[in-house]
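J.: One structure, as structure tokens, below. Some questions next.
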Amino acid sequence: MAIYAVGDIQGCLGALKSVLRRVHFDPDHDVLWCVGDLVNRGPESLETLRFLKSLGDACICVLGNHDLYLLGLAASGNIPTRNSLANVLTAPDSEALIDWLRCRPLLHHDAKLGWAMVHAGLHPDWSLKKAKKRAAEVEEKLRGKKWKKFCLKLHATRFPDREPPKGDKLRPVFSTAVLTRSRYCTSDGQFNWSVSSGDSRNRRDKAWFNFSRLAWQRDCKLIYGHWAAKGLVLDQEHVLGLDSGCVWGGSLTLAQLGTRGRYAIAVSYECKACRNPSGRRSQG
């Protein structure tokens, strides 16, 4: 059995199938980890969801910010025109796909492998145990009867830059932002949500994984996506960044995971069919 992790797909199903063919992926024996942002911007968001759902237990996906955007659209009942997600919302199996999507986790951990996976990042003060707890709080809301209300709140609320105390109604919102939108923060856990491209101008800001003290680091090595502008991050001992900008005309990268933080880049497929007409590469 092989376990593979793939970067942000964003509706580029052709690229995904190409990398899986190159490693002879067999869902009866192998497992695919997806770092989130399964949909949006690419040409085949609907088909991507159907394909990943069809893999059953052979596919483990965490939610990304674009996946939450889709859930927000579904919660609102509005179907935007000229939107890459419109056909997902009007498909005959839309309800089943949305229900499948909202039941995906925000964090996945395999203790035997020593790997964990989130879409964007973790708080520097969160141990793995605390990160799992924060993710579970959000997952409970997304899977509950009031999921639409929570998704609408996510899209209408300004994210706190620091973690609210226990019991604060904004804590799940903050946790969602950390897990699906992290880029820059300070060593004491103040997040900068305003940077959507380029580098932060705040001298105290660093990439969320670039601090000497990270509470979760002793518990796992972490896979993430989200940050296309940084591309593949392969030079850090404790993280593996896999968003190589497929939907922006970059590549879709597939890594084979081993134990104790070992991995090998199995395939990096150039995504010519998903090139952004503007030629600009987004942060994620």
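Residues are numbered in the numbering used here as their position in the sequence shown, beginning at 1, plus a constant of 26.
In this text, a Cβ means the ideal position worked out from N, Cα and C, and glycines have one as well.
1) Is it right to say residue 85 is buried, meaning 16 or more other beta carbons lie within 10 angstroms of its own, or is it exposed?
2) Do you know how far the Cα of residue 102 is from the Cα of residue 57?
3) Would you kindly report the start and end of the unbroken alpha helix (DSSP H) that includes residue 93?
4) Would residue 270 pass as a contact of residue 258 if the rule is Cβ separation under 7 Å?
5) Measuring only the C-alpha atoms, how far is residue 231 from residue 64?
6) Start and end of the beta strand (DSSP E) containing residue 279?
7) Figure out for me which residue from 55, 264, 172, 242 has the closest Cα to the Cα of residue 125.
8) Excluding the 5 residues preceding and the 5 following residue 194 in the sequence, name in chain order all residues of the same chain whose CB lies nearer than 7 Å to its CB.
9) For residue 203, collect the residues of the same chain with a Cβ closer than 6 Å to its Cβ; drop the 5 residues on either side in sequence, then sort them by chain order.
10) May I ask which residues mark the beginning and end of the alpha helix (DSSP H) holding residue 44?
11) Less than 8 Å between the CB atoms is what I'm expecting for residue 268 and residue 33, so what's the real figure, rounded?
12) Consult DSSP for residue 51 and reduce its assignment to one of helix, strand or coil.
13) Opposite residue 136 in the DSSP bridges: which residues?
14) Please classify residue 239 as buried or exposed, where buried requires at least 16 neighbouring CB atoms within 10 angstroms.
15) Under the assumption that residue 143 contacts residue 29 (Cβ atoms under 8 Å), give the Cβ distance between them as a whole number of angstroms.
16) Is it buried or exposed, residue 303, if we count other Cβ atoms within 10 angstroms and call 16 or more buried?
17) Pull up the distance between the alpha-carbon of residue 37 and that of residue 207, whole angstroms please.
18) Can residue 140 and residue 287 be called in contact, C-beta distance under 7 Å?
19) When you compare the CB positions of residue 198 and residue 164, do they come within less than 7 Å of one another, or not?
20) If we ignore side chains and look at the alpha-carbon of each, how far apart do residue 113 and residue 177 end up?
21) Under a three-way DSSP split, which group does residue 203 fall into?
22) Which residues share a DSSP beta bridge with residue 86?
23) Which runs of the beta strand (DSSP E), 3 residues or longer, sit entirely within the region 190 to 274?
24) Sorted by chain position, which residues of the same chain lie with C-beta nearer than 8 Å to residue 43's C-beta, five sequence neighbours on each side aside?
25) If you follow the beta strand (DSSP E) that residue 291 is in, where does it begin and where does it stop?
26) For the alpha helix (DSSP H) containing residue 124, name the first residue and the last one.
27) Along the beta strand (DSSP E) that carries residue 31, what are the first and last residues, could you check?
28) In whole angstroms, what is the alpha-carbon distance linking residue 106 and residue 285?
29) For the putative contact between residue 187 and residue 217, defined by C-beta atoms under 8 Å, what is the C-beta separation to the nearest angstrom?
30) When you compare only the Cα positions, how much space is there between residue 158 and residue 251?
T.: So, from the listed chains and residues:
1) By one-based count along the sequence shown, residue 85 stands at place 59. So residue 85 ends up on the buried side.
2) The residue labelled residue 57 in the question sits at position 31 within the sequence shown. The residue labelled residue 102 in the question sits at position 76 within the sequence shown. Cα to Cα, the separation comes out at about 34 Å.
3) Position 67 of the sequence shown holds residue 93. Its alpha helix (DSSP H) spans residues 91 to 102.
4) Here the question's residue 270 lines up with position 244 in the sequence shown. Here the question's residue 258 lines up with position 232 in the sequence shown. In this structure, residue 258 lies closer than 7 Å to residue 270 by Cβ.
5) Position 205 of the sequence shown, counted from the start, is the residue given in the question as residue 231. Position 38 of the sequence shown, counted from the start, is the residue given in the question as residue 64. Cα-Cα distance, rounded: 28 Å.
6) Reading the sequence shown from its first residue, position 253 is the one you call residue 279. Segment 277 to 283, the beta strand (DSSP E) holding residue 279.
7) As a first step, residue 125 is located in the sequence shown; it is residue number 99 there, counting from the start. Comparing Cα positions, the closest option is 172.
8) On the sequence shown, position 168 is the one that residue 194 refers to. Within the same chain, and ignoring the five residues on either side of residue 194 in sequence, no residue has its Cβ closer than 7 Å to its Cβ.
9) By one-based count along the sequence shown, residue 203 stands at place 177. Hits under 6 Å: 185.
10) By 1-based counting over the sequence shown, the position of residue 44 is 18. Run containing residue 44: 39 to 48, per the alpha helix (DSSP H) assignment.
11) Numbered from its first residue, the sequence shown carries residue 268 at position 242. Numbered from its first residue, the sequence shown carries residue 33 at position 7. Between residue 33 and residue 268 the Cβ distance is about 4 Å, and since that is below 8 Å, they are a contact.
12) As a working note, residue 51 is residue 25 in the sequence shown. In the three-state reduction of the DSSP assignment, residue 51 falls in the coil class, being assigned neither a helical nor a strand state.
13) Your numbering for residue 136 matches position 110 in the sequence shown. 141.
14) Taking the sequence shown and counting its residues from 1, the one referred to as residue 239 is at position 213. Exposed, because fewer than 16 other Cβ atoms sit within 10 Å of the Cβ of residue 239.
15) Here residue 143 is taken as the residue at index 117 of the sequence shown, counted from 1. Here residue 29 is taken as the residue at index 3 of the sequence shown, counted from 1. Wrong, their Cβ atoms sit about 11 Å apart, outside the cutoff.
16) Along the sequence shown, one-based indexing puts residue 303 at 277. Because the pLDDT of residue 303 is 42, which lies under 50, any placement of that residue in the model is unreliable, and the number read from its coordinates should be weighed accordingly. Residue 303 is exposed by the Cβ-count criterion.
17) Numbered from 1 along the sequence shown, position 11 holds the residue referred to as residue 37. Numbered from 1 along the sequence shown, position 181 holds the residue referred to as residue 207. The alpha-carbon atoms of residue 37 and residue 207 are separated by roughly 19 Å.
18) Within the sequence shown, the letter at position 114 stands for residue 140. Within the sequence shown, the letter at position 261 stands for residue 287. The answer is yes: Cβ separation under 7 Å.
19) Locating residue 198 in the sequence shown gives position 172, where the first residue counts as 1. Locating residue 164 in the sequence shown gives position 138, where the first residue counts as 1. Yes, these two residues count as a Cβ contact at 7 Å.
20) Residue mapping note: residue 113 aligns to position 87 of the sequence shown, counting from 1. Residue mapping note: residue 177 aligns to position 151 of the sequence shown, counting from 1. If I take the Cα positions, the gap works out to 20 Å.
21) Here residue 203 refers to the residue found at position 177 when the sequence shown is read from its first residue. Three-state result, residue 203: helix.
22) Here the question's residue 86 lines up with position 60 in the sequence shown. Residue 86 pairs with 59.
23) 247 to 250, 265 to 267
24) As a first step, residue 43 is located in the sequence shown; it is residue number 17 there, counting from the start. Here the set comprises 77.
25) Here residue 291 refers to the residue found at position 265 when the sequence shown is read from its first residue. From DSSP, the beta strand (DSSP E) with residue 291 extends over 289 to 296.
26) The residue labelled residue 124 in the question sits at position 98 within the sequence shown. Taken as a continuous stretch (DSSP letters only), the alpha helix (DSSP H) holding residue 124 covers 120 to 128.
27) Here residue 31 refers to the residue found at position 5 of the sequence shown. Element bounds for residue 31: 29 to 32.
28) Here residue 106 is taken as the residue at index 80 of the sequence shown, counted from 1. Here residue 285 is taken as the residue at index 259 of the sequence shown, counted from 1. Approximately 44 Å, taken between the alpha carbons.
29) Position 161 of the sequence shown, counted from the first residue, corresponds to residue 187. Position 191 of the sequence shown, counted from the first residue, corresponds to residue 217. 5 Å between Cβ atoms; contact.
30) Here residue 158 is taken as the residue at index 132 of the sequence shown, counted from 1. Here residue 251 is taken as the residue at index 225 of the sequence shown, counted from 1. Residue 158 and residue 251: Cα-Cα distance of roughly 18 Å.
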